[in-house]
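So the sequence shown is numbered by the numbering used here: it starts at 300 and just counts up by one. Glycine included, every Cβ here is placed at the ideal spot set by N, Cα and C. Since we're looking at a predicted model, the values are computed, not measured.
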Amino acid sequence: MDRRVEQQLGSHPCDACGADTYEANLSCHACGHGWEACAVSGYPVHPSERVAPKGGLAARRDDWNAWVGAFGTDPVTGLAATPLY
Ligand SMILES: [Zn+2]
300 MDRRVEQQLG SHPCDACGAD TYEANLSCHA CGHGWEACAV SGYPVHPSER
350 VAPKGGLAAR RDDWNAWVGA FGTDPVTGLA ATPLY
């Protein structure tokens, strides 16, 4: 074991209060601000990275495009899908 390696939880900054909260939290532990869950990864979707197919659930741009690049389908409906930007 290398004791210099510290285990750390990833974090993301809250859009509302700026606090760092756990990267997978769908609501801020400090102020309660909430995010939509990504249709691909389940991680919180920040407004700056939000994409959504017509009539579909929101997703994080990078997660959506990685999924569609690999499978060519909407992860929710299974229908053919294209990258979103
Ligand atoms: Zn907050």
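Compare the beta carbon distance of residue i and residue j with 8 Å and say whether it is the shorter of the two.
| i | j | result |
| --- | --- | --- |
| residue 384 | residue 360 | yes |
| residue 338 | residue 356 | yes |
| residue 315 | residue 332 | yes |
| residue 322 | residue 340 | no |
Using DSSP's beta-bridge definition, name the partner residues of residue i.
| i | result |
| --- | --- |
| residue 372 | 379 |
According to DSSP, is residue i helix, strand or coil?
| i | result |
| --- | --- |
| residue 347 | helix |
| residue 361 | helix |
3 or more residues per run - each beta strand (DSSP E) lying fully within the region 311 to 341: 319 to 321
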